[in-house]
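Position 399 of the sequence shown, counted from 1, bears residue number 445 in my numbering, the numbering being contiguous throughout.
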Amino acid sequence: AAAPFLLGEGDAPKDLLYAYFALIALLGLGIDGFKRWGWVSALAVVAPLAGAFMIQAAGAAPTGFAALALVVSLLAMTLPSGALVPCAQGRGLFERGNGARDAAVPVAGLALLLSCGAALFLDGVAPGMAVPALLALIGPVWTARAPALAGHMLIPVLAMPAVILHAGLGAQPEIFYALAVSKAMPIAIVALAALAGVTMLWRSARAEGRAADRWALLAIGYPGGTMVAFELFWSMSTRIPASIWSGTAMVLAAGYVAVALWAARRDAGQGLRLGAAAAAAFAMIGLSLMLTLSLAALSLALAVLLAVSAAMDRRFDIPLLGLFQALAALALGWRIVIDPGLSWLLGWEETGGAQDWEVLLSLAAALAAPAVAVWLASGMPRSRVRDWTAIFVETSLSGLVPVALMVLIARFLVESVSVHAHLGMQGTVFIALAWVQALRAARFADARALTIVRRGLSLAFSLAAALCLGLVMTVFSPLGGGWLTADTVRGPILVNDLILAYALPGSLLLWVFRRQDARGRWFGASAAGLLVAYWIGSAIRHLWQGGGGMALSRGFAQGELYAYTVALLVAGASALALALHLGRTGLRIVGLGLIAVAAAKAFLIDASGLTGLMRVGAFLGLGISLAGLAWLNAWVIARMTGERDHVSDI
Numbered sequence: 047a048a049a050p051f052l053l054g055e056g057d058a059p060k061d062l063l064y065a066y067f068a069l070i071a072l073l074g075l076g077i078d079g080f081k082r083w084g085w086v087s088a089l090a091v092v093a094p095l096a097g098a099f100m101i102q103a104a105g106a107a108p109t110g111f112a113a114l115a116l117v118v119s120l121l122a123m124t125l126p127s128g129a130l131v132p133c134a135q136g137r138g139l140f141e142r143g144n145g146a147r148d149a150a151v152p153v154a155g156l157a158l159l160l161s162c163g164a165a166l167f168l169d170g171v172a173p174g175m176a177v178p179a180l181l182a183l184i185g186p187v188w189t190a191r192a193p194a195l196a197g198h199m200l201i202p203v204l205a206m207p208a209v210i211l212h213a214g215l216g217a218q219p220e221i222f223y224a225l226a227v228s229k230a231m232p233i234a235i236v237a238l239a240a241l242a243g244v245t246m247l248w249r250s251a252r253a254e255g256r257a258a259d260r261w262a263l264l265a266i267g268y269p270g271g272t273m274v275a276f277e278l279f280w281s282m283s284t285r286i287p288a289s290i291w292s293g294t295a296m297v298l299a300a301g302y303v304a305v306a307l308w309a310a311r312r313d314a315g316q317g318l319r320l321g322a323a324a325a326a327a328f329a330m331i332g333l334s335l336m337l338t339l340s341l342a343a344l345s346l347a348l349a350v351l352l353a354v355s356a357a358m359d360r361r362f363d364i365p366l367l368g369l370f371q372a373l374a375a376l377a378l379g380w381r382i383v384i385d386p387g388l389s390w391l392l393g394w395e396e397t398g399g400a401q402d403w404e405v406l407l408s409l410a411a412a413l414a415a416p417a418v419a420v421w422l423a424s425g426m427p428r429s430r431v432r433d434w435t436a437i438f439v440e441t442s443l444s445g446l447v448p449v450a451l452m453v454l455i456a457r458f459l460v461e462s463v464s465v466h467a468h469l470g471m472q473g474t475v476f477i478a479l480a481w482v483q484a485l486r487a488a489r490f491a492d493a494r495a496l497t498i499v500r501r502g503l504s505l506a507f508s509l510a511a512a513l514c515l516g517l518v519m520t521v522f523s524p525l526g527g528g529w530l531t532a533d534t535v536r537g538p539i540l541v542n543d544l545i546l547a548y549a550l551p552g553s554l555l556l557w558v559f560r561r562q563d564a565r566g567r568w569f570g571a572s573a574a575g576l577l578v579a580y581w582i583g584s585a586i587r588h589l590w591q592g593g594g595g596m597a598l599s600r601g602f603a604q605g606e607l608y609a610y611t612v613a614l615l616v617a618g619a620s621a622l623a624l625a626l627h628l629g630r631t632g633l634r635i636v637g638l639g640l641i642a643v644a645a646a647k648a649f650l651i652d653a654s655g656l657t658g659l660m661r662v663g664a665f666l667g668l669g670i671s672l673a674g675l676a677w678l679n680a681w682v683i684a685r686m687t688g689e690r691d692h693v694s695d696i
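As structure tokens, then:
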């Protein structure tokens, strides 16, 4: 495999080398089929694919790599078993137990992972999508006599939306070029997915029990999931005529109806195949009808899928339909928060801006669907699948409620959304999502894998919240931001968008950490106190300087300085009162510190313009104030100690 790189001429790579690498894979896998060494098969898969990927990166045609990946993957499913047709028996790739695995099982898994992983980074989006599309189409037929390889088909099925997502995030020029060459390319990929669904449905008809249900889920979920991924990550309704794209969705819906009718006859009107096909048909019909109207189309279709799946589960007792509910709940969260996201819902011109009815429709769909699903699931028999489904659906509902409230406030109660208000709301959303994930992780601590995932998500959301709030207090702050980044404060005195930027996330932090341990409460109170203090200071600044004069570089009015002193005194007195009421030493220290800062500020800053005897009197007053502060501290300690002694005597 290394020979072309060591002995080559040094010019551009030759596409003929793909055939050379295929021959190496054939020989290596064939030899190991007789010797059964294992490592030879792994090397025969890794080396040709790695070499082919390098020459592709150096300029060879990516279609050649796609063909090689297909050939190597199909050979890896059969030759390590010592046969010309896949016949692997025993334990599958994702199955637990003590049974032996056929030699082809790990080798085929390695080949599929490498092939589909490399598809993410091929030059050109069409060859990259062709790899998982063709593997998902051919694989079910190729492995018909190898039940141990059935689980391998999950790899190309999951790889397809991953390739679409990767291209949507970082390959916009390639997408533009591919659609300029042929706008039918996404439709062709959806058609290949539909044909793959037919082959998977054929496998479902041949299988029995849980294997039949798994094949049915793949067959029904894969085509619709591919189309949803295109709309979700590529916004296809804005790239090709909406009538064509909605017509594609309607054709898929017709196919799902045909599958539902077939399943109704075959399964006597019961079973997962009927329920899943009917739910998918409703979702595609909803998507097709709404695609021509607005960006809220997909959100509504996902909501329909979520609610109909829950209804089908209740009607026909099909717990595995929870997979559709979980995926729909995740996709709804993506639509509301990320793409088209909060910027679109808040009406930012750069994103096209949602109209009022689109905002209401999107939020209503995102909240109503999981609420209906939770209501339908109440009273159903418990099962592990339903428990996991409940986690996803309830997380979606509880996480989107604060998002919806903030969007409604910003959209309908404020004239326009400033940069600092937008970042504050984003931070509040991430705080809410992190809190929900942490709660779910604690609730289902016995599910170790999901607990790790949820804690990771909670950490990621927490870091995103910290980033947003850090930016809103520095770079994009009305107080310290530059003229390029800072925005004017919008709204009347006190009731303005500073509440959305600072008070709202601070209040939510206090609520989130109220029941944590001592360290958690201290951290939450500190972060929330910083945000609330920033809001109070900004509100005072706005009171004296107006929305356009918030920058600290403009200086301070004398009355503004006095207002800060009064605010410090009120905050300190409030902290002392809470310390007496709750018996918290930490609050007492905070209160005394605030009063001390207020006293020092009053005599060192507020009175800095005084001269002569007035200045001497000011410093004399400072000394008296500090002595009074010491007396106040002793009095508060005595009161707190006396109350504790009184309680212990009782």
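Using N, Cα and C, we set each Cβ at its ideal position, and we do this for glycine too.
Let me confirm a value: residue i is counted as buried when at least 16 other C-beta atoms fall within 10 Å, else exposed. Which label applies?
i           : result
residue 650 : exposed
residue 102 : buried
residue 325 : buried
residue 223 : exposed
residue 254 : exposed
residue 62  : exposed
residue 440 : buried
residue 463 : buried
residue 581 : buried
residue 563 : exposed
residue 541 : exposed
residue 591 : buried
residue 477 : buried
residue 217 : buried
residue 207 : buried
residue 483 : buried
residue 584 : buried
residue 631 : exposed
Please name the residue in the options whose C-alpha comes closest to that of residue i.
i           : options               : result
residue 151 : 399, 297, 230 and 126 : 126
residue 315 : 124, 189, 363 and 635 : 363
residue 608 : 644, 638 and 580      : 644
residue 308 : 116, 93 and 320       : 320
residue 351 : 365, 90 and 371       : 371
residue 210 : 240, 73, 171 and 637  : 171
residue 479 : 444, 456 and 496      : 444
residue 471 : 317, 481, 451 and 488 : 451
residue 331 : 203, 301 and 243      : 301
residue 237 : 291, 500, 200 and 220 : 291
residue 141 : 77, 295, 155 and 128  : 155
residue 430 : 408, 368 and 400      : 368
residue 416 : 438, 433 and 638      : 438
residue 64  : 82, 99 and 83         : 99
Following the continuous alpha helix (DSSP H) through residue i, name the residue where it begins and the one where it ends.
i           : result
residue 216 : 200-216
residue 27  : The chain is shown only over 47 to 696; residue 27 falls outside these bounds and no answer can be derived.
residue 81  : 63-81
residue 271 : 255-280
residue 647 : 631-647
residue 364 : It is not in any alpha helix (DSSP H) - residue 364 carries neither H nor E in the DSSP assignment.
residue 435 : 430-458
residue 175 : 171-188
residue 88  : 85-103
residue 109 : 108-122
residue 402 : 402-423
residue 162 : 150-165
residue 239 : 231-252
residue 131 : From DSSP, residue 131 is part of no alpha helix (DSSP H); its letter is neither H nor E.
residue 296 : 288-312
residue 599 : Taken as a continuous stretch (DSSP letters only), residue 599 belongs to no alpha helix (DSSP H), as it is neither H nor E.
residue 197 : Careful: residue 197 lies outside any alpha helix (DSSP H) and carries neither H nor E.
residue 387 : 387-391
Against chain D, with Cβ distances strictly below 8 angstroms, would residue i count as a contact?
i           : result
residue 597 : Within the model displayed, chain D is absent; a lone protein chain is all it includes.
inquiry  = Under 8 angstroms: do the segment 271-283 and the segment 186-198 share three or more Cβ pairs, one atom per stretch?
reply    = These segments do not touch.
Alpha helix (DSSP H) segments (min. 4 residues) lying fully within the segment 538-596 = Counting whole runs of 4 or more residues, the segment 538-596 contains the alpha helix (DSSP H) stretches 550-558 and 564-591.
request  = Assess, as a yes-or-no matter, whether the segment 498-506 is touched by the segment 572-580 under the definition of 3 or more beta carbon pairs within less than 8 angstroms.
outcome  = These segments do not touch.
key: contact_flag[the segment 611-627, the segment 549-563] where n(CB pairs < 8 angstroms) is 3 or more   = The segment 611-627, when compared against the segment 549-563, does not touch it at the 8 angstroms Cβ threshold.
key: Meets three-Cβ-pair contact criterion under 8 angstroms: the segment 586-603 and the segment 520-527   = The segment 586-603, when compared against the segment 520-527, does touch it at the 8 angstroms Cβ threshold.
key: Any 3 or more C-beta pairs closer than 8 angstroms across the segment 108-117 and the segment 173-182   = Taking 8 angstroms as the limit for Cβ pairs, the verdict is that the segment 173-182 does touch the segment 108-117.
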